[in-house]
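Going line by line, the protein sequences match chains A and B.
Start counting the first sequence at -13; every next residue gets the next number (the numbering used here).
Start counting the second sequence at 93; every next residue gets the next number (the numbering used here).
Heads up, the beta-carbon is just placed ideally off N, CA and C, and yes, glycines get one too.
Values in this document were obtained by computation on a predicted structure and should not be read as measured data.
Single-structure report; data block below.
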Amino acid sequence: SSLTQVVHSAGRRFIVSPVPESRLRES
Amino acid sequence: AEDTGLRVELAEEDDCSNSSLALRLWVEDPKKLKGKHKDNEAIEFSFNLETDTPEEVAYEMVKSGFFHESDSKAVAKSIRDRVTLIKKTREKKPAGW
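Listed below in structure tokens is the structure:
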């Protein structure tokens, strides 16, 4: 999806995506 | 997540079949982090229980700009705590689970 971004660093892949609202703690 | 403000969980069910895990990390309590970070973003990554170390993954995350150097210890601790828990859970499961 357009919201997911893939970042590679030293051969490791990081997939960045929005945290589902349900998981965010009310801060 | 209580003491570091970060939460790490399994991104996929752990079938105990190999040493590689899919983990997901995100900021649960931004006030507990010192440096700049992206708030509402989860970072999914693979972690090999035999070859990877939490410090190394934390360093890569800092290098990739997800977190500030001053938070790398908190990132490594969060990953270490979760990995330790997963290892303990695996030890409890009967062989061939």
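Check: residue i C-beta below 8 Å from any heavy atom of the ligand FMN
{"i": "P146(B)", "result": "Because no ligand of any kind appears in the structure shown, any question about the ligand FMN cannot be addressed here."}
Residue range of the unbroken alpha helix (DSSP H) whose run includes residue i
{"i": "P4(A)", "result": "Unbroken run through P4(A) is the beta strand (DSSP E), -2 to 4; no alpha helix (DSSP H)."}
{"i": "S170(B)", "result": "164 to 184"}
{"i": "E148(B)", "result": "146 to 155"}
Proximity test, Cβ basis, 9 Å: residue i and chain B
{"i": "P4(A)", "result": "yes"}
{"i": "R(-1)(A)", "result": "yes"}
Per-residue contacts from residue i into chain A (C-beta, under 9 Å)
{"i": "S162(B)", "result": "Neighbours of S162(B) on chain A: none; closest Cβ ~19 Å, over 9 Å."}
{"i": "E133(B)", "result": "Q(-9), V2, S3, P4, V5"}
{"i": "K155(B)", "result": "S(-5), A(-4)"}
Within-9 Å CB hit, residue i to chain A
{"i": "V149(B)", "result": "yes"}
{"i": "N110(B)", "result": "no"}
{"i": "S170(B)", "result": "no"}
{"i": "E152(B)", "result": "yes"}
{"i": "F159(B)", "result": "no"}
Listed by chain order, chain A residues near residue i by CB distance under 7 Å
{"i": "K126(B)", "result": "Near K126(B) there are no residues of chain A at all, since even the closest Cβ is about 16 Å away, more than 7 Å."}
{"i": "E105(B)", "result": "Result: empty, since nearest Cβ-Cβ is about 17 Å, beyond 7 Å."}
Terminal residues of the beta strand (DSSP E) in which residue i lies
{"i": "E136(B)", "result": "133 to 140"}
{"i": "H(-6)(A)", "result": "-9 to -5"}
{"i": "A114(B)", "result": "112 to 119"}
{"i": "E161(B)", "result": "Careful: E161(B) lies outside any beta strand (DSSP E) and carries neither H nor E."}
{"i": "L102(B)", "result": "98 to 102"}
Next item on the list: For the stretch 155 to 172 of chain B and the stretch 97 to 106 of chain B, state whether three or more C-beta atom pairs, one from each stretch, are separated by less than 8 Å.
Entry: yes
Notebook entry, point to check: With contact counted as at least three CB pairs below 8 Å, one residue from each stretch, are the stretch 124 to 137 of chain B and the stretch -1 to 6 of chain A in contact?
Noted result: yes
Check: Would you call the stretch 162 to 171 of chain B and the stretch 113 to 131 of chain B in contact, with 3 or more CB pairs under 8 Å?
Finding: yes
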